[in-house]
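Using the working numbering, the first residue of the sequence shown is number 804, and each one after it goes up by one.
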Amino acid sequence: MNTFIGLAKSRHSVRNYEGKTVEKEKVDAILESGRIAPTAANQQPCKFLVLETQDSLKKLERACNPHGASLVIVVCADKEISWVRPFDGHNMLDIDASIATDHMMLCAQDLGLSSCWITYFNPEELRKQFNIPIDLFYFLKEKNAG
Ligand SMILES: Cc1cc2nc3c(=O)[nH]c(=O)nc-3n(C[C@H](O)[C@H](O)[C@H](O)COP(=O)(O)O)c2cc1C
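As structure tokens, then:
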């Protein structure tokens, strides 16, 4: 598998992990691949929360099912930073965050690690467990405001 298409085809969602510790060099490479992902107007609105201790993974289980993964990256983004298209006010936040996520998943695959994208989580619980600033959870901010 030496081609990009080979790498992309080999990736698939895994929902049953061995729980082995991920080496620091691999974690660093995955985060770097997310950091360098393109963002609209190069605004770079994403923040990555890395969960790898038993304590943090236990807390995470209150918000979602991490399927026994030993490493979870929570992808957040700040809607005040992401670029807004002036014609219609469309905010590119979700697109930026999705590209960064996909970069990291493909990087993980390239390093021999499986992954699974999780959107089935309780946002209020996740924010509470890790004291994540409300600015990084724009949908909760807007819900509370409205
Ligand atoms: C935006 C998005 C959200 C997803 N949310 C979840 C999720 O909450 N839980 C889950 O188990 N899989 C989730 N997935 C994984 C999809 O179910 C999976 O990518 C799809 O079924 C295709 O299978 P594959 O990844 O093995 O190619 C999500 C994928 C995407 C792109």
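Every residue gets a Cβ at the ideal spot worked out from N, C-alpha and C, and that includes glycine. Since the model is a prediction, treat every value here as computed from it, not as a measurement.
{"Check": "Would Ala-840 and Ala-903 qualify as a contact pair, given that the criterion is a beta-carbon distance under 7 Å?", "Outcome": "yes"}
{"Check": "Under 8 Å: do the segment 905-918 and the segment 824-839 share three or more Cβ pairs, one atom per stretch?", "Outcome": "yes"}
{"Check": "Helix or strand or just coil, what does DSSP make of Val-817?", "Outcome": "coil"}
{"Check": "Hey, how far is the Cα of Glu-864 from the Cα of Lys-931?", "Outcome": "13 Å"}
{"Check": "Pick out whichever of Gly-837, Leu-860 and Thr-842 has its Cα sitting closest to the Cα of Phe-851.", "Outcome": "Gly-837"}
{"Check": "Can you check the segment 830-881 for any beta strand (DSSP E) of at least 3 residues that lies completely inside it and give the ranges in chain order?", "Outcome": "849-854 and 875-880"}
{"Check": "Taking only heavy atoms of ligand 1 into account, decide whether any of them is closer than 6 Å to the Cβ of Thr-856.", "Outcome": "no"}
{"Check": "With distance defined between alpha-carbon atoms, name the residue in Arg-814, Ile-833 and Lys-882 nearest to Phe-939.", "Outcome": "Here residue 939 turns out to be Leu, not Phe, going by the sequence shown. Checking every option, the nearest Cα to that of Leu-939 belongs to Lys-882."}
{"Check": "Cβ of Tyr-923 versus every heavy atom of ligand 1: is any distance shorter than 6 Å?", "Outcome": "yes"}
{"Check": "Would you say the beta carbon of Ser-816 is closer than 6 Å to some non-hydrogen atom of ligand 1?", "Outcome": "yes"}
{"Check": "Any heavy atom of ligand 1 closer than 6 Å to the Cβ of Trp-920?", "Outcome": "yes"}
{"Check": "Does the Cβ-Cβ distance between Glu-855 and Leu-874 come in under 7 Å?", "Outcome": "yes"}
{"Check": "For Arg-818, collect the residues of the same chain with a Cβ closer than 7 Å to its Cβ; drop the 5 residues on either side in sequence, then sort them by chain order.", "Outcome": "His-870 and Cys-919"}
{"Check": "Below 8 Å on the Cβ atoms is my contact criterion, and I expect Met-895 with Ile-876 to pass it. Report the Cβ-Cβ distance as a whole number of Å.", "Outcome": "Contact flag wrong, Cβ pair sits at about 20 Å."}
{"Check": "At 4 residues or longer, what runs of the alpha helix (DSSP H) sit wholly inside the segment 890-937?", "Outcome": "896-913 and 926-933"}
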